[in-house]
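**Student:** Would you mind keeping the following structure in view while I ask a few things?
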Amino acid sequence: MSRVKLIDVTSAAPAAGSILQAINKAFGATPAMFRAVANSPAALQSMWGSFGALGGGRLSAKLGEQIAVAVANRNSCEYCLAAHTALGRKAGASADELTEAQAGRSTDPQTAAALQFALKMVEQRGQVAESDLAALRASGYDDESIVEIIAHVALNLFTNYINIALDVPVDFPVVQLRKVA
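Here the sequence shown is numbered in the working numbering, starting from 5 and rising by one per residue.
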């Protein structure tokens, strides 16, 4: 059971209500995470705006979802793992690609480099070395893409923390967390 009230569009503050309507239109339902975040219209606006901005960025939706799956698995966020696995499938990732992403792996070297960097960002709290950026550049990422990878990590940390701290009920098909060596 969620540790905060899950806000319904009909009882939401006006600022949150319009965003919840947009979310409902995008998903065909209003996922519990957004209903929890709607307790703060400012936080909801920040989160939804970030999803929209990054969705229109340079990185593909598929890679964005693979990053989200890797970060969710590393942080043991069952909600985000379930949600981004479902969204990853819609973005064209196979079940195998998403399972591999949970461990920060991919058969595509460029994707693998992004996932490894994303997990290093999580594990080292952003304290990456110049050599880590050089490895991304050698894999074909430019500065714009590198900043977007970091932005995806930051957004997913936000959603992971919301879902874990507030014990938001998972309303997507459950995906098994994987232990990573």
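By construction, the Cβ of each residue, glycine as well, lies at the ideal position given by its N, Cα and C atoms.
Pair every Cβ in the segment 73-93 with every Cβ in the segment 50-64, then say whether three or more of these pairs are closer than 8 Å.
**Tutor:** no
**Student:** Any idea what DSSP makes of L63, helix, strand or coil?
**Tutor:** In the structure shown, L63 sits in coil (DSSP, three-state: anything other than H, G, I, E or B).
**Student:** Using a Cβ-Cβ cutoff of less than 6 Å, which residues in the same chain neighbour I150 once the five nearest sequence positions on both sides are dropped?
**Tutor:** Cβ neighbours of I150 within its own chain (closer than 6 Å, five residues either side excluded): L140.
**Student:** Determine the direct distance from the alpha carbon of M51 to that of P173, and round the result to whole angstroms.
**Tutor:** The C-alpha of P173 lies about 18 Å from the C-alpha of M51.
**Student:** Out of A30, V8, Q120 and I153, which has the shortest C-alpha to C-alpha gap to R39?
**Tutor:** Among A30, V8, Q120 and I153, the Cα nearest to that of R39 belongs to V8.
**Student:** By Cβ distance below 7 Å, which residues in the same chain neighbour A76 in space, the five residues on each side in sequence not counted?
**Tutor:** C84, L85, H88, N160 and N164
**Student:** Please classify Q193: is it buried, with 16 or more other beta-carbons within 10 angstroms of its beta-carbon, or exposed?
**Tutor:** Given a span of 5 to 185 for the chain in the structure shown, any question on residue 193 remains unanswerable.
**Student:** Under a three-way DSSP split, which group does T111 fall into?
**Tutor:** coil
**Student:** Hey, does P113 have any beta-carbon neighbour from chain D nearer than 8 Å?
**Tutor:** Checking the listed chains, one finds no chain D in this structure; it contains a single protein chain.
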